[in-house]
């Protein structure tokens, strides 16, 4: 009987050791599959609003804690929404509420787990979201940051890195376009200044020419007849520099020609 008792004790210890081993394997499997959470009630996801917001029966609108996916109309929003829809829509999930259960929009703040995989973390590890930690809801912050660092997007279209690269390229194009527009505007202003300066120069030349014409007109208006005739020295004046060999007799012949008289 003593030997039988020893065997029973030995078997009990072996069973206990096997139980501990199985528990360790189960925990290891959960760790490999991602952060899991079985706390809170189970409920069905009845609608997907976007990558980080869903509708859950009996609870209402739920905002996933610790993550942030692109908003509607932003790069990557469709990919994140499709991923959440494929994983959660019409599926039963475990709901773990945050320390702060509601946000300012009256949405329930929670972690959602399906098949021992927390969807919040999977969004990060697949590259569909970025970490967004807002205390006091920071229970899994360290794990989420590690998942983001080790993210391996399943495709380029799902990668937020691609979105960031495209966003940087778009911002660079906008800066270049703005710089080009500024240079064009500066050149246009400079041309306009040159045109205005030339117009002012032409106006000054025109005013100077008008003044000169006015002065010349006034000089002609107030000049004496002697000055007009050239002071007797012009071609219209009489020449008294030498003796005259002809005289005008004041007579005309039949043709109307003048008759010259011989001089003395």
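In my numbering, the protein residues as written are 1 to 264.
We put the beta carbon where it would ideally sit given N, CA and C, even for glycine.
{"query": "4 or more residues per run - each alpha helix (DSSP H) lying fully within the stretch 163 to 232", "result": "225 to 228"}
{"query": "Which of helix, strand or coil DSSP assigns to residue 43", "result": "strand"}
{"query": "Spatial neighbours of residue 21 in its chain, beta-carbon cut-off 6 angstroms, leaving aside the 5 residues before and after", "result": "The pLDDT assigned to residue 21 is 43, lower than 50, so where the model puts this residue is not dependable; a value taken from the coordinates is nonetheless given after this. So the list is empty, once near-sequence residues are dropped."}
{"query": "Residue environment, residue 104, which counts as buried when at least 16 other CB atoms sit within 10 Å", "result": "exposed"}
{"query": "Backbone CA spacing between residue 101 and residue 63 [nearest angstrom]", "result": "10 angstroms"}
{"query": "Check whether residue 43 and residue 95 have beta carbons under 8 angstroms apart", "result": "yes"}
{"query": "Among 177, 131, 70, 186, nearest to residue 49 - alpha-carbon criterion", "result": "70"}
{"query": "Residues bridged to residue 94 [DSSP beta-bridge criterion]", "result": "42, 113"}
{"query": "Counted within 10 angstroms of its Cβ, other Cβ atoms place residue 175 as buried (16 or more) or exposed", "result": "exposed"}
{"query": "Proximity to residue 138 [Cα-Cα], best of 181, 119, 110, 57", "result": "110"}
{"query": "Of the listed residues 41, 88, 72, nearest to residue 59 (C-alpha basis)", "result": "41"}
{"query": "Pick from 140, 124, 135, 173 that is closest to residue 152, judged by C-alpha positions", "result": "124"}
{"query": "Residue 156, buried or exposed, once every other Cβ within 10 Å from all chains shown has been counted against 16", "result": "Bear in mind that a pLDDT of 45 at residue 156, under 50, signals an unreliable position, so the number given afterwards is only what the model happens to contain. Its Cβ having fewer than 16 others within 10 Å, residue 156 is exposed."}
{"query": "Alpha-carbon to alpha-carbon, residue 87 and residue 98", "result": "21 angstroms"}
{"query": "Where residue 123 falls: helix, strand or coil (DSSP)", "result": "helix"}
{"query": "Between the CA atoms of residue 215 and residue 178 - distance to the nearest angstrom", "result": "55 angstroms"}
{"query": "Which of helix, strand or coil DSSP assigns to residue 81", "result": "helix"}
{"query": "Supposed contact pair residue 114 and residue 91 - C-beta distance, whole angstroms, cut 8 angstroms", "result": "5 angstroms"}
{"query": "Residues of its chain near residue 107, where Cβ-Cβ distance is below 6 angstroms and the 5 sequence neighbours each way are ignored", "result": "61, 63"}
{"query": "Residues bridged to residue 60 [DSSP beta-bridge criterion]", "result": "56"}
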